[in-house]
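Positions in the sequence shown are counted from 1; adding 730 to them yields the numbering used here.
Below: the structure, in structure tokens.
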Amino acid sequence: MEELDLILESVKQDMDAAVKHLDHAFQRIRAGRASTSMVQDVMVEYYGAPTPINQVANVSVPDAMTISIQPWDRTAIGAIEKAIINSNLGFAPSNNGENIILNVPPLTEERRRELAKQAKVEAEQTKVTVRNARQEGLKELKKLDGVSEDVVKGVEEEIQGFTDKYVKLCDDHLKTKEAEIMKV
């Protein structure tokens with residue numbers, strides 16, 4: 731029975747991790763307002779090592795359409811600008827010698843549709859990950875010896891229940907994000 735609980739727990743953890751990854755991916759997809767999460771994955775070449783932007787500068791959002799990046803070391807301004815340009819976020823950084831300003835342009839209808847498609851792709855990838863976790867759990871279940879068919883059937887149904895729950899969760903997260911993106 732311990733092995734069965736272990737399999738169930740493993741499947742649930744994998745599915746949980748997939749949904750958390752989806753949430754993180756959705757944070758990177760902007761929805762019209764400026765957010766520090768838009769630049770959180772930008773890696774700056776700082777003293778020869780790739781470093782997350784939030785470890786070399788203070789990132790803030792002074793208003794709904796502006797991201798302000800204030801480096802702790804002024805010599806890093808050029809490296810931060812270069813990292814932002816290379817990250818393909820679609821921002822044109824401008825600096826005043828002390829900090830970098832990113833103006834977040836308002837989203838066009840076409841861009842909103844592209845972002846909604848991107849969100850849908852992320853959700854579909856997460857569903858595939860959830861289904862792969864189910865398959866792994868079922869494979870592990872088949873490997874067990876000395877477990878009655880009724881118990882195996884019950885655990886299979888429980889794993890399918892987890893799968894249905896997490897796929898629905900992905901759909902719910904997608905609906906919320908699409909509504910957020912399409913809201914003008």
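Backbone N, C-alpha and C fix where the C-beta goes; we use that ideal spot for every residue, glycine too.
Because the structure is a prediction, the values reported are computed rather than measured.
Mind checking residue i: buried by the 16 CB within 10 Å criterion, or exposed?
i: GLU854; result: exposed
i: LEU874; result: exposed
i: THR796; result: exposed
i: VAL877; result: exposed
i: MET731; result: exposed
i: ILE815; result: exposed
i: ALA761; result: buried
Measuring CB to CB, does residue i end up less than 8 Å from residue j?
i: TYR896; j: VAL858; result: no
i: GLU811; j: PRO823; result: yes
i: ILE911; j: ALA809; result: no
i: VAL772; j: SER817; result: yes
i: GLY867; j: SER740; result: yes
i: ILE830; j: ILE807; result: yes
i: ARG769; j: VAL789; result: The residue you asked about is not Arg; residue 769 is Val in the sequence shown. Result yes, Cβ atoms of VAL769 and VAL789 sit closer than 8 Å.
i: THR856; j: ALA748; result: yes
i: GLU888; j: LEU738; result: yes
i: TYR776; j: VAL791; result: no
Using DSSP bridges, identify the partner residues of residue i.
i: GLU775; result: PRO780
i: ALA787; result: PRO801
i: THR796; result: ASP793 and ASN833
i: SER878; result: DSSP lists no partner for SER878.
i: ASN825; result: ILE830
Establish whether the CB of residue i and some CB of chain C are separated by less than 8 Å.
i: LEU874; result: Any reference to chain C falls outside this structure, which holds one protein chain only.
May I have the straight-line CA-CA distance separating residue i from residue j, to the nearest angstrom?
i: LYS913; j: ARG842; result: 9 Å
i: THR893; j: ASN862; result: 10 Å
i: LEU900; j: LEU752; result: Per the sequence presented here, residue 900 reads as Cys, with Leu not at that position. Cα to Cα, the separation comes out at about 8 Å.
i: ALA764; j: GLN865; result: 39 Å
i: ASP735; j: GLU886; result: 12 Å
i: ASN833; j: ARG758; result: 16 Å
i: ILE799; j: PRO780; result: 17 Å
What residue does the alpha helix (DSSP H) around residue i start on, and which one ends it?
i: GLN743; result: 732-758
i: VAL858; result: 839-873
i: LYS812; result: 807-816
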